[in-house]
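> Okay, here's the structure, questions in a sec.
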Amino acid sequence: MNFYKCMDSGSKYCPCNLAYTMDCISCSHLRGEDFCDCIWNGVCILYEKYMKNEEDINQRKDYKGKIIEKISLDRNLYLLKIKLDKSFIRDLDIIGSYIFIRKNNTNSHYDTPMSVFNLDEDHIYIVYQEIGPKTKNFNKGDKLIIKGPYWSGIIGDGDLSKQENSSILIVARGIGQSSILIPINKLLNKGNDIVLFLDKGKFNSLYSIDYMDTEKIRIIPIDLFNYEDELMLRKYIKENSVDVIFSAGSDMVHRKIKSIIEKSTKSIKWFVSNNSVICCGEGICGACIRKTKDKDKIKLCKTMINPINIY
Ligand code: FES
4 MNFYKCMDSG SKYCPCNLAY TMDCISCSHL RGEDFCDCIW NGVCILYEKY MKNEEDINQR
64 KDYKGKIIEK ISLDRNLYLL KIKLDKSFIR DLDIIGSYIF IRKNNTNSHY DTPMSVFNLD
124 EDHIYIVYQE IGPKTKNFNK GDKLIIKGPY WSGIIGDGDL SKQENSSILI VARGIGQSSI
184 LIPINKLLNK GNDIVLFLDK GKFNSLYSID YMDTEKIRII PIDLFNYEDE LMLRKYIKEN
244 SVDVIFSAGS DMVHRKIKSI IEKSTKSIKW FVSNNSVICC GEGICGACIR KTKDKDKIKL
304 CKTMINPINI Y
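In this note's numbering, the protein residues as written are 4 to 314.
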């Protein structure tokens, strides 16, 4: 098994229950090996585990929220404005953050993971599709139970939030728009130059544009699965400086971008929206397990990995 970095390592949620069941993502000792092969250069997870008791594990909490506004963006596509605890919002102000959300009068079977689209001091904003029992019937005034913070909504080749003064290309399609706004705002603050190729996908809405500072980024409409448009994207990558590509959309979008990156022969860091089936978000249930090219089975709710290894 290769070394993998856990999204939670070094955070207040590490060590987690996986350290006590010998299933730690990052520490080989805490997976039952008798050697250390980690390249993690933060606080030693094994040491932290010895210094703490299992009862001291910081579990993610349930917070109370309330829907202040529900806006229809397209057929079955909605934006929720949710009032929430300020300190929780600060923990969510991170690239790739997501939450589990359910109505107050339902049990945890209804927990559904959703990306944080946007936030301000008192609210978070979620864009979601109303497609099943977990997502139907959210209405203005509803009280919510929201669990978090979770941070692995975007996975990639390194830490996207550390990218500075680079040329960044974002390709977002359909509901993938829901995970680009916080990254755009954070990356602009770090002096990055951003070009956004935006594809409506199956919706009739480029809703994300209404929430971004269009003076600061160049937006190019695209239909990614149209041959001419794909050529336009390839040409852009060939003729311009591109250090990083972030693809936000379905696995089909990610595979398309992977083939474009590989054919470009440029050295480009790649990040993707995490499309795994997320059930517990804690590395426990196994719903998000994917096989890497090296045949390692990894849990994508916690493991940070270069998407080249899984697409
Ligand atoms: S979602 Fe449960 S292990 Fe990843």
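The beta-carbon is built from N, C-alpha and C at its ideal position, and this holds for glycine as well.
Write down the C-beta distance between Gly156 and Ser211 rounded to the nearest angstrom, noting that I regard them as a contact closer than 8 Å.
Actually they are not in contact, since the Cβ atoms of Gly156 and Ser211 sit about 15 Å apart, beyond 8 Å.
> With a threshold of 6 Å (Cβ to nearest heavy atom), would Gly156 be considered close to the ligand FES?
Not under cutoff, so the answer is no.
> CB Lys84 to CB Lys69, shorter than 7 Å?
The answer is no: Cβ separation not under 7 Å.
> Might you give, ordered along the chain, the residues of its own chain that have their beta carbon closer than 8 Å to the beta carbon of Lys143, omitting 5 neighbours on each side?
Counting only Cβ-Cβ distances below 8 Å, and skipping sequence neighbours, we find Ile70, Ile71, Glu72 and Lys73.
> What is the DSSP secondary structure of Gln180, counted as helix, strand or coil?
It is helical.
> Verify whether the separation of the beta carbon atoms of Tyr66 and Ile185 is less than 7 Å.
Against a cut-off of 7 Å, the Cβ pair of Ile185 and Tyr66 comes out as no contact.
> Residue ranges of each beta strand (DSSP E) run of no fewer than 3 residues wholly in the stretch 69 to 144, ordered along the chain?
Correct list: 80 to 86, 101 to 106, 115 to 118 and 126 to 132.
> Ile263 to Gln180, Cα distance in whole Å?
Taking the straight line joining both Cα atoms gives about 20 Å.
> Quick check: what's the CA-CA separation for Ile127 versus Ser164?
For Ile127 and Ser164, the distance between alpha carbons rounds to 20 Å.
> Would you mind reading off the limits of the alpha helix (DSSP H) that contains Leu3?
What the structure shows of the chain is the stretch from 4 to 314, and residue 3 is not part of that stretch, so it cannot be assessed.
> Starting from Leu201, follow the beta strand (DSSP E) in both directions and report where the run begins and ends.
Counting along the chain, the beta strand (DSSP E) containing Leu201 begins and ends at Asp196 to Asp202.
> Quick one: using the 10 Å Cβ neighbour count with 16 as the cut-off for buried, is Ser29 buried or exposed?
Per the 10 Å Cβ criterion, buried.
> Let me make sure I understand the geometry here. Which of Ser111, Asp123, Asn121 and Asp125 has the alpha-carbon closest to that of Lys137?
Cα-wise, what sits closest to Lys137 is Ser111.
> Would the beta-carbon of Lys146 fall within 7 Å of that of Asn207?
Contact: no.
> To which residues does DSSP link Tyr66 through a beta bridge?
Beta-bridge pairing links Tyr66 to Ile149.
> Just to check my reading of the structure: Phe6 and Cys41 have Cβ atoms closer than 8 Å, yes? What is that Cβ distance to the nearest angstrom?
Yes, Phe6 and Cys41 are in contact; Cβ-Cβ is about 6 Å, under 8 Å.
> Name, in chain order, the residues that DSSP records as bridge partners for Leu172.
Paired residues: Val198 and Ile248.
> Helix or strand or just coil, what does DSSP make of Lys300?
Correct three-state label for Lys300: strand.
> Give a yes or no on contact between the stretch 284 to 296 and the stretch 267 to 276, applying the rule of three or more CB pairs nearer than 8 Å.
With a cut-off of 8 Å, the stretch 267 to 276 and the stretch 284 to 296 do not count as touching, because too few Cβ pairs lie within range.
> Within 6 Å: the Cβ of Ile281 and any heavy atom of the ligand FES?
For the ligand FES, at least one heavy atom lies less than 6 Å from the Cβ of Ile281.
> Rounded to a whole number of angstroms, what is the C-alpha to C-alpha distance between Arg105 and Lys139?
Cα-Cα distance, rounded: 10 Å.
> Can you tell me whether Met255 is buried or exposed, with buried defined as 16 or more other CB within 10 angstroms of its CB?
When all chains shown are included, Met255 counts as exposed.
> Does the beta carbon of Gly135 come closer than 7 Å to any beta carbon on chain C?
Judged by its chain identifiers, the structure shown contains no chain C, having just a single protein chain.
> Nearest CA to the CA of Lys8: which residue from Tyr314, Ile313 and Asn309?
Minimum Cα distance to Lys8 is reached at Asn309.
> Going straight from the alpha carbon of Leu227 to that of Val174, what length do you get?
Their backbone Cα atoms lie some 9 Å apart in a straight line.
> Report buried or exposed for Thr24, applying the criterion of at least 16 other Cβ atoms within 10 angstroms of its Cβ.
That one is exposed.
> Since Lys296 contacts Ser267 with CB under 8 Å, what's their CB separation in whole angstroms?
Going by Cβ atoms, the distance from Lys296 to Ser267 rounds to 20 Å, so no, they are not a contact pair.
> With a 10 Å radius around its C-beta and 16 neighbouring C-beta atoms as the bar for buried, classify Tyr230 as buried or exposed.
Classification for Tyr230: exposed.
> Could you tell me which of Tyr239, Ile183 and Gly151 sits nearest to His213, measuring between CA atoms?
Per the sequence shown, the amino acid found at residue 213 is Asp instead of His. If we check each option's Cα against that of Asp213, Ile183 comes out closest.
> From Asp77 to Arg63, what does the alpha carbon distance come to, in whole angstroms?
Straight-line Cα distance between these residues: approximately 33 Å.
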